[in-house]
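Colleague: So for the sequence shown, our numbering puts the first residue at 547; every next one is plus one.
Backbone N, C-alpha and C define an ideal beta-carbon position, used for all residues, glycine too.
Since the model is a prediction, treat every value here as computed from it, not as a measurement.
One structure coming up, written as structure tokens, with questions to follow.
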Amino acid sequence: MEQLYIALDFESANQVERFLEKLAPHRPAVKIGMELYYAEGPAFVRHLVKQGHAVFLDLKVHDIPETARRTMRIIGQLGVELTNVHAAGGKTMMQAALAGLRETSADTRLIAVTQLTSTDQAMLTDLMIPHTMDEVVAHYAREAEQSGLDGVVCSALDTAHIKTICQPGFQLVTPGIRPNGTASNDQKRIATVTDAGRNGATDLVIGRAITQAENPKVVYEALLSEWKGITS
């Protein structure tokens with residue numbers, strides 16, 4: 547744990563390779579989302595793993611339990627460090643996903659998405675969820691823990707509360723991280739590296755602040771140093 551994953555929100559393997567060359571000699575932990583995975587497939591995931599990158603495969607599986615189980619059985623063969631499901635799929639689905647993953651991997655950790663960082667209270671109302679964001683996130687975190695998962699994806703604004711209701715060692719992976727003074731873009735529930743660390747995040751996901759920087763290596767090194775200074 548205590549990873550800083552760079553979100554590789556690119557359209558192709560060539561774009562990823564050109565970006566990673568700018569970070570040499572670093573072999574950063576990376577997050578592969580749906581866009582890149584659907585463009586390049588599992589072979590590229592294996593390639594990055596072979597190159598020495600710890601990979602968070604962010605596919606947010608959400609389906610009937612048997613489909614989730616069979617999907618995770620395949621993901622378990624890719625050698626990734628971390629992958630995820632949507633907690634909204636419920637306990638039975640999360641348990642089935644974990645069972646499938648363990649059929650092929652003893653090491654890949656499985657976490658659940660509580661709420662996307664683009665979700666706010668107004669969206670919960672639109673979805674006819676009659677509870678506060680804090681209540682929904684806490685409920686999903688407890689459901690994930692009770693299902694045997696290793697942790698959750700959550701906003702850094704939620705980590706402090708989750709730490710009070712879940713057992714020590716429960717992984718709290720926080721996207722929506724922005725350096726001071728940068729734009730929030732389409733994410734609404736964001737925080738700085740320092741805020742996330744102080745609130746109890748165990749891992750960070752940072753994308754555009756690094757990938758779209760004029761000098762991504764300098765930005766990555768600064769953010770990594772800030773993160774390690776908090777977690778060490």
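1) Could you say which of LEU656, THR705, HIS707 lies nearest to SER693 if we only look at CA atoms?
2) Of the choices PRO725, THR748, GLY746, whose alpha-carbon is the least far from that of VAL739?
3) Using DSSP with H/G/I as helix, E/B as strand and the rest coil, what is PRO775?
4) State yes or no: is the C-beta of ALA553 within less than 8 Å of the C-beta of GLY587?
5) Please report the distance separating the alpha-carbon of PHE716 from that of LYS763.
6) Which residues in the same chain have their Cβ closer than 7 Å to the Cβ of LEU695, if we skip the five residues on either side of it in sequence?
7) Closest to ILE752 by C-alpha separation, out of LEU770, GLY746, ASN745, would be which residue?
8) Which stretch, first to last residue, makes up the alpha helix (DSSP H) that contains THR638?
9) Ends of the beta strand (DSSP E) at HIS599?
10) Hey, quick one: how far does the alpha helix (DSSP H) through LEU566 stretch, first residue to last?
Modeller: On the basis of the data shown:
1) LEU656
2) PRO725
3) Inspection of the sequence shows that residue 775 is occupied by Gly rather than by Pro. Correct three-state label for GLY775: helix.
4) no
5) 30 Å
6) MET640, LEU644, LEU656, ILE657, ALA658
7) Nearest option by C-alpha distance: LEU770.
8) 637-650
9) No beta strand (DSSP E) contains HIS599, which DSSP labels as neither H nor E.
10) Looking at the DSSP string, the run of the alpha helix (DSSP H) that includes LEU566 is 559-567.
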